[in-house]
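Please read the structure below before turning to the comments.
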Amino acid sequence: AQSVTQPDIHITVSEGASLELRCNYSYGATPYLFWYVQSPGQGLQLLLKYFSGDTLVQGIKGFEAEFKRSQSSFNLRKPSVHWSDAAEYFCAVGARGGGGNKLTFGTGTQLKVEL
Amino acid sequence: GAVVSQHPSRVICKSGTSVKIECRSLDFQATTMFWYRQFPKQSLMLMATSNEGSKATYEQGVEKDKFLINHASLTLSTLTVTSAHPEDSSFYICSARTGLVTDEQFFGPGTRLTVL
């Protein structure tokens, strides 16, 4: 069974500082990997996804993530955080093949941005 | 981009009543829709997967008789919480995807259910 671990429940950074949110996954093969962002009381917005090819993936809002097979990781990064980036971030892994690409989510990381 | 809507966005009901939540894909045909439940400050837990025209597949521990899912068309899936109780209060989110292997899921804005 697939699983996702986000080790950091809360992270606080200063506006303008760099950001890295950690994500580790467990899956028997090469997974589909996603990062979503959720604002309070809202649904999820896709930031970026990895299916295959280049292991460094660029997303929206200046975010990027790198798939590292050897470390089973898919960490999310942003070079300079903006106050509007404060939100909950979820990493997810999707199964390849059958099952309709069912997603398994991590527990999320709450990002707080200090002005 | 693909848009998924949910209705209602918020609902308050009395214990023992049933509540229906609609999930619509507005600009694409969704062969598969997913229903998630999210408790405060927690992650999304998949409840069930529904494919158009067939019975939903429920995750372990989810009562299929309590959470009725109907995927009657390629653009609409409904979740009915039957005989709701306060412990059913939660944030329910749907997502939809096309049949493409590498396609992503597009999420609705969620429905906040409060059972009194």
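Residue numbers (the numbering used here), protein chains in the order written: chain A, 1 to 115; chain B, 116 to 231. Beta carbons are placed, not taken as given, at the ideal position from N, Cα and C, and that holds for glycine.
Need the endpoints of the beta strand (DSSP E) that A:Q110 sits in, please.
In the first sequence, the residue the question calls residue 110 of chain A occupies position 110. It spans T109 to E114 - the beta strand (DSSP E) in which A:Q110 sits, taken as one unbroken run.
If I'm right that B:V134 touches B:L228 with Cβ under 8 Å, what's the distance once you round it to whole angstroms?
As a working mapping, residue 134 of chain B is identified with position 19 in the second sequence. As a working mapping, residue 228 of chain B is identified with position 113 in the second sequence. Right, their Cβ atoms sit about 6 Å apart.
How far does the beta strand (DSSP E) with A:T5 in it reach, from first residue to last?
Residue numbering aside, residue 5 of chain A sits at position 5 when the first sequence is read from its first letter. Taken as a continuous stretch (DSSP letters only), the beta strand (DSSP E) holding A:T5 covers S3 to T5.
Buried or exposed, going by whether 16 or more other CB atoms sit within 10 Å of the CB of B:T212?
One-based indexing of the second sequence puts residue 212 of chain B at position 97. Position check: residue 212 of chain B holds Arg in this sequence, whereas Thr was assumed. That one is buried.
A:F105 touches chain B at which residues, Cβ-Cβ below 7 Å?
Counting from 1 along the first sequence, the entry for residue 105 of chain A is found at position 105. Those within 7 Å of A:F105 in chain B are S158 and L159.
Taking the beta strand (DSSP E) that B:I111 falls in, what are its first and last residues?
Nothing about residue 111 of chain B can be read from this structure; chain B reaches only from 116 to 231.
Kindly list, in the order they appear in chain B, the residues whose Cβ is closer than 7 Å to that of A:K49.
Sequence index remark: in the first sequence, residue 49 of chain A carries index 49 (1-based). Result: E219.
Can B:S205 and B:R152 be called in contact, C-beta distance under 7 Å?
In the second sequence, counting from the first residue as 1, residue 205 of chain B sits at position 90. In the second sequence, counting from the first residue as 1, residue 152 of chain B sits at position 37. Yes; because the gap between Cβ atoms is below 7 Å, this pair is in contact.
Please classify A:I60 as buried or exposed, where buried requires at least 16 neighbouring CB atoms within 10 angstroms.
Start at 1 with the first residue of the first sequence, and residue 60 of chain A comes out as number 60. When all chains shown are included, A:I60 counts as exposed.
Which two residues bound the contiguous beta strand (DSSP E) that contains A:T55?
Within the first sequence, numbered from 1, the residue matching residue 55 of chain A stands at position 55. Unbroken run through A:T55: none, as it is neither H nor E.
Hey, quick one: how far does the beta strand (DSSP E) through A:W35 stretch, first residue to last?
On the first sequence, position 35 is the one that residue 35 of chain A refers to. Looking at the DSSP string, the run of the beta strand (DSSP E) that includes A:W35 is Y32 to Q38.
In chain order, what residues of the same chain have a beta carbon less than 8 Å from the beta carbon of A:D8, not counting five sequence neighbours either side?
Within the first sequence, residue 8 of chain A is the residue found at index 8, counting from 1. Closer than 8 Å at the Cβ level, and outside the excluded window around A:D8, lie L21, R22 and T109.
When you compare only the Cα positions, how much space is there between B:G168 and B:T195?
For the purposes of this step, residue 168 of chain B is taken as residue 53 along the second sequence, with counting starting at 1. For the purposes of this step, residue 195 of chain B is taken as residue 80 along the second sequence, with counting starting at 1. Going by the C-alpha atoms only, they are around 17 Å apart.
Is any heavy atom in the ligand HEM found nearer than 6 Å to the beta carbon of B:L231?
The ligand HEM is not part of the structure shown, which contains no ligands of any sort.
If you follow the beta strand (DSSP E) that A:K68 is in, where does it begin and where does it stop?
Within the first sequence, the letter at position 68 stands for residue 68 of chain A. Start and end: E64 to K68.
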